[in-house]
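Shown next, in structure tokens, is the structure this report addresses.
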Amino acid sequence: MFSSLEKSVISPILVGRTPTLQMLHLALNRAKSKSGQMVLISGEAGIGKSRLVAEVKTYAKEQTFLTLQGNCFQPDLIYPFAPLLDLLRPYFAIHSSQLNTLLSPAISGQLSRLFPEFFSSIDASPILETEHNKRHLFTALLYVFSLLTTYQPLLVIIEDLHWSDDTSLEFLLQLARWSTAQPALVLITYRSDEIHPSLSRWLAQVDREHLTQEFMLHPLIRSEVNDLLKAIFELQRPIRADFLDAIQVLTEGNPFFIEEILKSLMVAGDIFYSDDAWDRKTLHELHIPRSVQAAVQQRVELLSITANQIIMVAAVTGRRFDFTLLQSLTDYNASELLSAIKELVGAQLVIEESAERFAFRHALTREAIYTNLLIRERVILHERIAEVLEHSSTLVPDSRVAELAYHFYEAEQWERAFQYSWRAGDLARQLYAIREAIEQFTRALDAVKHLEKPAPLALLRARGLTYEAQGDFEAARLDHEAILQTNQPNSEVKWRTLLDLGMLWASRDYVQTGIYYQQALALAREIEDSALVASSLNRLGNWHMNAAQPVQGQAYHQEALTLFQALDDPAGLAETLDLLGLAHYGICDLIQGAAYLQRSAALFRELGDQASLASSLTILMLCRHENYDTATMIPAETDSVETTHEGQLALQIAREIGWRSQEAFTGIQIGMCLALQGDYGRALQMAQAGLHLAEDIQHQQWLTSGHRVLGGLYFDLFALPLAQQSLEQASALAHEIGSSLWMSLTSAALASLAVRQGNFTQARTLIEALLKTYPIDQELFASRIARSVQAELALATDNADLALQIIDQLVVSAPNSTDQSRIPYLLKLRGEALIELGQWAAAQTALEAAQVEATRRGLRPLLWRIQVALGKLYQTQKLREEAEAACLTAQQIIESLAASISNDSLKTGFLQGATALIPAVPALSPHQITQKQFDGLTPREREIAVQIIYGKSNRSIAEQLFISDRTVESHISSIFSKLGFTSRAQIAVWAVEKGLHVKDTD
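The sequence shown begins at 505 in the working numbering and counts up one residue at a time.
Given below as structure tokens:
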């Protein structure tokens, strides 16, 4: 005869989930063919997620999958990488020696951060306090998963994601992306009614990227409950309607609740085995529990005293518990303890995972028992558990610290809760787990309050910096300001906090940033520490740079350079050289700025400071390649073929180290440089991506920069309403953060837009305000850009004399200017002014020089405008053939630029706006048709092309055709522009293909 206590209430068959299981089998089959994915299974607690996963595991085993499973538990919300540790540690315990022979030292070193017991660290340097190196750790973990898939397909299971820490969520997003091209299926379960904000954002992200397929499990309907009951009791007949309805109504079709109720009724004797069949009392005699908690509690009350005590201790320990730990926590010997655990397993409250480890059958079981304990009971048990764990080894390993912090905190043992929580916070921050670190630091500070001690300054600073990394400005500000308000004598910590506050305010209020930096410098001088003084000087110098006061900034940096040289401090020298490069960029000396930045980049490489290297390379790109800031300046020369070589390298570094702020800034600046080259498609893509990233991290300065660059791009593309919208947003942000630099740059851009729109009064008001703030005797970004826009306004309002005067001043005053210097943008403006003044020969000389230099530097947007100006000049001189050739060249360049624009609306607007500026071309004469046949080359240009076939130099060609060397150079530049060539050999091949050498012979 069966005993009711022995009867399992777990259904031998899966009920109500067949279609979902079939879809999961298909997903496994696809994964086996390297079309993997992430699959989510969601639903309320007890709905059957784990049971479905168990069925998937069975099928995966049949299909030769390697299965790795990790679980999240309730305390794991503040344990970094908890489910991944749970998932990989058992595998590494068996295979780590083999893996160590396959992994590179760099990968092993990264893995040692999480698994020091299995892998050796080769990195003795301290871990960065921010998330800069998180990507390296993620890459190492992904490499391990990739390595595993080379041997067999992989099934990765994470249960109960609603209890996951934030860092694991970040990695799982990367794992989802990785899985799409791998023989791997990532299967994740979570409770749909317990979604915390981080999980909600994560779910939105994977949904936005279409990375997952989700199966939401619904409660069983009445017929499925009937099938479930029949399967459990092995009945052929239907369940009686009154009992079925009672179970259905009470449990609402939740399988776990159904099983718990059935087990409670069996234990109580209300359901019993009689005459070779299961039977029950009448419905009104049944003592049906009204909740899962009540059902579990009814069963616990029927356990033996020993089993009851054991399960209460186990519930406080956690979802999983070890036999050895339980033995240390209780007075029972091994035999007694084993007997009690067997009773718990028989009662289907607990399952055996290994010889040493056991777990509650369901999280709800553990929760029900834990919540039924008195608070005092929980406190006592938490303290006993913490004491045993602490004394289990002489040196507490890092892997136990968070667990000890949790138990001592819950035990209200404040001294040790403080110590372990602080240590756990530091460990979490080292693993780039921001939210988890904040929670641990907060617990440590709470413990300090209970101890009635002052909060340690270093702890407050650690939490403040972590809040800043999370983007919580107010919380960070409060922690930093609390340090300044304390009476504890630690001047260096206060000095660092002043710098921390300055950095924090840099994204909100730049005036406030300057105040904190000045206070930091004063304190450093008071302390009489040269290194602190030098660091303060650099911060204050950089603040002046961003406040559009680079001359003052340069002086601070030079003083810092002298101090760091005396200290023989390579890191300080590298930082100072970098800031000097930036300061010289600010005073328009791009050549000297590039020289400083090259030196700083070399030092950063030697020091292995990747973050600073990325920053240096970005500004070096701006010194070497024309952009919206430097069009009136003389750039530093470069041998690089790729326009944005330095920027691309900086972007790669920023992404590798996970520095999102630098990634945003560099991407925006690359977009600006590409715009001047006419690569509009990539320019828009880079600028928009950088702007979106700046929005994500709420970086006000880079938001300003992003909107300003997009405004410039839209301006170039004749999308003037969009340009105005972006530039006005940039201006508003610049005023919000109080940055003089950004306010001046956006004002100048809005003034140029006003000129284009014909709103001359507004343009003049903006320019006058800028020149009042930045006089013309100051060689600053703002003043040079403002004066160039003033020249545009003068041309637009028929004041060519003033325009010419301004342009000539800009040319002469440009740093590093010589008689041989050519600034193509200013040459183009000069040519336009001279046309208006009727000085046609001088205009042609200026425009031809502009054309040569613009061609050499690849400035195609400027080049078509130069061709338009030449077309107008030739028309004025009634040189129809040359005018038509120039206009045709302009049209060809415009069309080639439009080809890179993917947005149809922007492309059409650009073509219409640019083409409208080209002078009208009359109908083609036979001669013009001939010219078109030769790709727009004039007869003179064709003559020169023939001479190039025979390898003649510019001087020889000039003598042959009775023209000047300069004219030959201009014609060859025009040929390069029209044909898109870069070498004389290409011209020679083209001329032969067109048969020009035959005509010459004839």
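Note that CB positions come from ideal geometry on N, CA and C, so glycine has one too.
Residue i bridges to which residues according to DSSP?
i	result
T716	M542
E663	N575
V854	F864
D826	R861
T693	I545
A688	L658
L570	L658
What does the alpha-carbon distance come out to for the pair residue i and residue j?
i	j	result
R1326	P609	52 angstroms
F912	D1072	47 angstroms
F977	L1008	7 angstroms
A1223	V543	43 angstroms
L1306	E1336	12 angstroms
D697	L829	33 angstroms
V710	L677	7 angstroms
R870	G822	8 angstroms
S1104	G1417	44 angstroms
Y1132	T693	51 angstroms
S839	T684	50 angstroms
M1049	C1177	21 angstroms
S1120	T1142	15 angstroms
D627	R617	For D627, the predicted model reports a pLDDT of 47, less than 50, meaning its position is unreliable; a value from the coordinates is still stated below. If I take the Cα positions, the gap works out to 10 angstroms.
N575	P584	13 angstroms
N604	L591	18 angstroms
Y874	Q541	37 angstroms
R1029	T1208	34 angstroms
L651	Q567	19 angstroms
A1267	L1231	14 angstroms
D1408	L1086	38 angstroms
Leaving aside the five residues before and after residue i along the sequence, list all residues of the same chain whose C-beta is less than 7 angstroms from its C-beta, in chain order.
i	result
A948	F922, S925, W926, G929, L963
P630	Caution is warranted here: a pLDDT of 35 is assigned to P630, below 50, making its placement in the model unreliable, and no coordinate value can be reported.
A1140	L1094, I1095, A1098, C1127, R1128
V997	L961, A962, R965, I987
Just confirm the distance between the C-beta atoms of residue i and residue j, as a whole number of angstroms; I'd bet it's less than 8 angstroms.
i	j	result
L982	L1002	Not really, about 15 angstroms apart at Cβ, beyond 8 angstroms.
L853	I815	7 angstroms
A1135	Y1329	4 angstroms
E728	V519	5 angstroms
T1170	G1182	The Cβ separation is near 20 angstroms, so there is no contact.
A680	L721	Going by Cβ atoms, the distance from A680 to L721 rounds to 20 angstroms, so no, they are not a contact pair.
Can the beta-carbon of residue i be found less than 8 angstroms from the beta-carbon of residue j?
i	j	result
Q1114	I1161	yes
G547	K553	yes
P657	A688	yes
V1293	A1252	yes
A872	Q801	yes
Y1184	S1404	yes
W667	L581	yes
P1074	L1107	yes
I661	V557	yes
P516	A851	no
A1585	G1045	Residue 1585 falls outside the range modelled here, since the chain spans only 505 to 1506, and no answer is possible.
R1334	A1358	no
A932	A941	yes
T834	V817	yes
Q1396	K1482	yes
A909	V883	no
F1285	L1257	no
Sorted by chain position, which residues of the same chain lie with C-beta nearer than 6 angstroms to residue i's C-beta, five sequence neighbours on each side aside?
i	result
T524	F719
A1290	A1252, I1271, L1274, L1275
H640	Q614
I1398	W1368, A1418
K1376	P1423
Skipping 5 residues on each side, what residues in its chain have a beta carbon closer than 8 angstroms to that of residue i?
i	result
D1506	Low per-residue confidence applies at D1506: pLDDT is 44, beneath 50, and the placement is therefore not dependable, though the value from the model is reported in the following sentence. The answer is none, since no qualifying residue turns up.
Please confirm whether any heavy atom of the ligand SAH lies closer than 7 angstroms to the CB of residue i.
i	result
P1054	Judged by which ligands are present, the structure shown has none, so any question about the ligand SAH falls away.
Contact criterion: CB-CB distance below 8 angstroms. Does residue i meet it with respect to chain C?
i	result
S1317	You won't find chain C in this structure, because it holds only one protein chain.
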